[in-house]
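Engineer: I have a structure here, written as structure tokens, and I will follow up with some questions on it.
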Amino acid sequence: MASPVVDFSEAPVTEHDADAVVMVVPLVSATTDDEWESLPGLRESLESIGFTGSSGSYARVAAPQLFAKPVAVVGSGAGRDAASVRNAVGIGCRTLTGFASVAVALPFHEAADTALAAAEGAGLGAYSFASFKKEPPKPRATRVVVHTAAAVSPADVARVRAVIEAVALVKDLVTTPADALGP
Numbered sequence: 018m019a020s021p022v023v024d025f026s027e028a029p030v031t032e033h034d035a036d037a038v039v040m041v042v043p044l045v046s047a048t049t050d051d052e053w054e055s056l057p058g059l060r061e062s063l064e065s066i067g068f069t070g071s072s073g074s075y076a077r078v079a080a081p082q083l084f085a086k087p088v089a090v091v092g093s094g095a096g097r098d099a100a101s102v103r104n105a106v107g108i109g110c111r112t113l114t115g116f117a118s119v120a121v122a123l124p125f126h127e128a129a130d131t132a133l134a135a136a137e138g139a140g141l142g143a144y145s146f147a148s149f150k151k152e153p154p155k156p157r158a159t160r161v162v163v164h165t166a167a168a169v170s171p172a173d174v175a176r177v178r179a180v181i182e183a184v185a186l187v188k189d190l191v192t193t194p195a196d197a198l199g200p
């Protein structure tokens with residue numbers, strides 16, 4: 018079972034020590050200038066490459082004015098709800114390979130339920146099954162930290178981790194050949 022360890026941090030994502038950043042962005046056309054104020058130059062960079070923020074869209078960009086590390090921007094579409102964020106972070110963590118640790122930034126989604134959904138998406142998206150493979154797949158993150166200003170209770174963190182572990186176990190059991198499983 019290869020799912021990442023998922024944690025939360027109230028520190029600003031600019032203070033992360035991760036190898037890369039996954040940032041969730043809604044439809045760029047549906048955002049205001051004020052929402053981009055804390056992200057200097059990012060909107061212009063995204064628009065210059067044609068990134069719209071549509072659901073499931075993904076782009077790696079350099080944002081040296083924000084982060085020294087690579088940034089993977091994932092679109093959540095028109096929705097700013099928990100399900101849209103879960104899907105977007107899952108896509109980001111599944112697609113972004115080669116980095117041991119990832120910080121998740123939610124500058125447009127600040128509610129506690131979206132932070133929890135982001136953690137679930139990260140855990141489910143970064144899952145990988147490497148057993149019985151001739152060549153191991155490209156490594157996905159083994160540690161993910163969701164940066165949020167929202168208060169997240171220990172019970173919610175435990176629930177998210179339980180969901181991630183349970184889904185990973187089921188995926189392992191489904192993927193493992195029957196002759197390799199015990200009774």
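For this note's numbering, count along the sequence shown from 1 and bump the result up by 17. C-beta: ideal position from N, C-alpha, C; glycine also.
Rounded to whole angstroms, how far is the Cβ of residue 137 from the Cβ of residue 103, which I believe are closer than 8 Å?
Structural biologist: Along the sequence shown, one-based indexing puts residue 137 at 120. Along the sequence shown, one-based indexing puts residue 103 at 86. With 8 Å as the limit, residue 137 and residue 103 qualify as a contact, their Cβ atoms being about 5 Å apart.
Engineer: For residue 141 versus residue 37, is the C-beta distance shorter than 8 Å?
Structural biologist: Here residue 141 is taken as the residue at index 124 of the sequence shown, counted from 1. Here residue 37 is taken as the residue at index 20 of the sequence shown, counted from 1. In this structure, residue 37 does not lie closer than 8 Å to residue 141 by Cβ.
Engineer: Where residue 56 and residue 82 are concerned, what is the direct C-alpha to C-alpha distance, given to the nearest angstrom?
Structural biologist: As a position in the sequence shown, residue 56 is number 39, starting the count at 1. As a position in the sequence shown, residue 82 is number 65, starting the count at 1. Near 8 Å, if we compare the C-alpha coordinates of residue 82 and residue 56.
Engineer: In this structure, does DSSP put residue 89 in helix, strand or coil?
Structural biologist: The residue labelled residue 89 in the question sits at position 72 within the sequence shown. Three-state result, residue 89: strand.
Engineer: In this structure, what does DSSP give as the bridge partners for residue 149?
Structural biologist: Working through the sequence shown from its first residue, we reach residue 149 at position 132. Bridge partners of residue 149: none, in fact.
Engineer: Using DSSP's beta-bridge definition, name the partner residues of residue 23.
Structural biologist: In the sequence shown, the residue the question calls residue 23 occupies position 6. Answer by DSSP bridge pairing, in chain order: 161.
Engineer: Apart from the five residues on each side of it in sequence, which residues of its chain come closer than 7 Å, Cβ to Cβ, to residue 18?
Structural biologist: As a position in the sequence shown, residue 18 is number 1, starting the count at 1. Note that residue 18 scores a pLDDT of 48, beneath 50, so its modelled location is shaky and nothing firm can be said.
Engineer: Let me know the secondary structure DSSP gives residue 18 once reduced to three states.
Structural biologist: The sequence position of residue 18 within the sequence shown is 1, counting from 1. The predicted model places residue 18 with a pLDDT of 48, which falls under 50 and marks its position as unreliable; any figure quoted below should be read in that light. Residue 18: coil per DSSP, three-state reduction.
Engineer: Does the distance from the CB of residue 109 to the CB of residue 75 come in under 8 Å?
Structural biologist: To locate residue 109, count along the sequence shown from 1; it is residue 92. To locate residue 75, count along the sequence shown from 1; it is residue 58. It is a contact, given that the beta carbons lie within the stated cut-off.
Engineer: Taking residue 126 as the reference, which of 163, 159, 150, 149 has the closest Cα?
Structural biologist: Here residue 126 refers to the residue found at position 109 of the sequence shown. Out of 163, 159, 150, 149, 163 has the C-alpha closest to the C-alpha of residue 126.
Engineer: May I ask you to list the residues that DSSP assigns as paired with residue 43?
Structural biologist: Indexing the sequence shown from 1 puts residue 43 at position 26. According to DSSP, which records beta bridges pairwise, residue 43 is partnered with 94.
Engineer: Please report the Cβ distance between residue 43 and residue 94, rounded to the nearest whole angstrom; I am assuming they are in contact, meaning their Cβ atoms lie under 8 Å.
Structural biologist: Numbered from 1 along the sequence shown, position 26 holds the residue referred to as residue 43. Numbered from 1 along the sequence shown, position 77 holds the residue referred to as residue 94. Confirmed, Cβ separation roughly 7 Å.
Engineer: According to the Cβ coordinates, are residue 158 and residue 29 closer than 8 Å?
Structural biologist: On the sequence shown, residue 158 is found 141 positions in, with the first residue counted as 1. On the sequence shown, residue 29 is found 12 positions in, with the first residue counted as 1. It is not a contact, given that the beta carbons lie outside the stated cut-off.
Engineer: Considering only DSSP beta bridges, list what residue 76 is partnered with.
Structural biologist: As a first step, residue 76 must be located in the sequence shown, where it is residue number 59. For residue 76, which the question treats as bridged, DSSP gives the partners 90.
Engineer: Rounded to a whole number of angstroms, what is the C-alpha to C-alpha distance between residue 147 and residue 155?
Structural biologist: Locating residue 147 in the sequence shown gives position 130, where the first residue counts as 1. Locating residue 155 in the sequence shown gives position 138, where the first residue counts as 1. Taking the straight line joining both Cα atoms gives about 10 Å.
Engineer: My assumption, with CB atoms under 8 Å, is that residue 143 sits in contact with residue 111. Please give the rounded CB distance.
Structural biologist: Mapped onto the sequence shown, residue 143 falls at position 126. Mapped onto the sequence shown, residue 111 falls at position 94. About 7 Å separates the two Cβ atoms, so the contact holds.
Engineer: How long is the line joining the alpha carbons of residue 179 and residue 72, rounded to whole angstroms?
Structural biologist: Taking the sequence shown and counting its residues from 1, the one referred to as residue 179 is at position 162. Taking the sequence shown and counting its residues from 1, the one referred to as residue 72 is at position 55. Cα to Cα, the separation comes out at about 27 Å.
Engineer: Are the CB atoms of residue 194 and residue 149 within a distance shorter than 8 Å?
Structural biologist: The residue labelled residue 149 in the question sits at position 132 within the sequence shown. The residue labelled residue 194 in the question sits at position 177 within the sequence shown. Their beta carbons are under 8 Å apart, which means residue 149 touches residue 194 by this criterion.
Engineer: Give the straight-line distance between the Cα atoms of residue 26 and residue 160, rounded to the nearest whole angstrom.
Structural biologist: As a first step, residue 26 is located in the sequence shown; it is residue number 9 there, counting from the start. As a first step, residue 160 is located in the sequence shown; it is residue number 143 there, counting from the start. Going by the C-alpha atoms only, they are around 13 Å apart.
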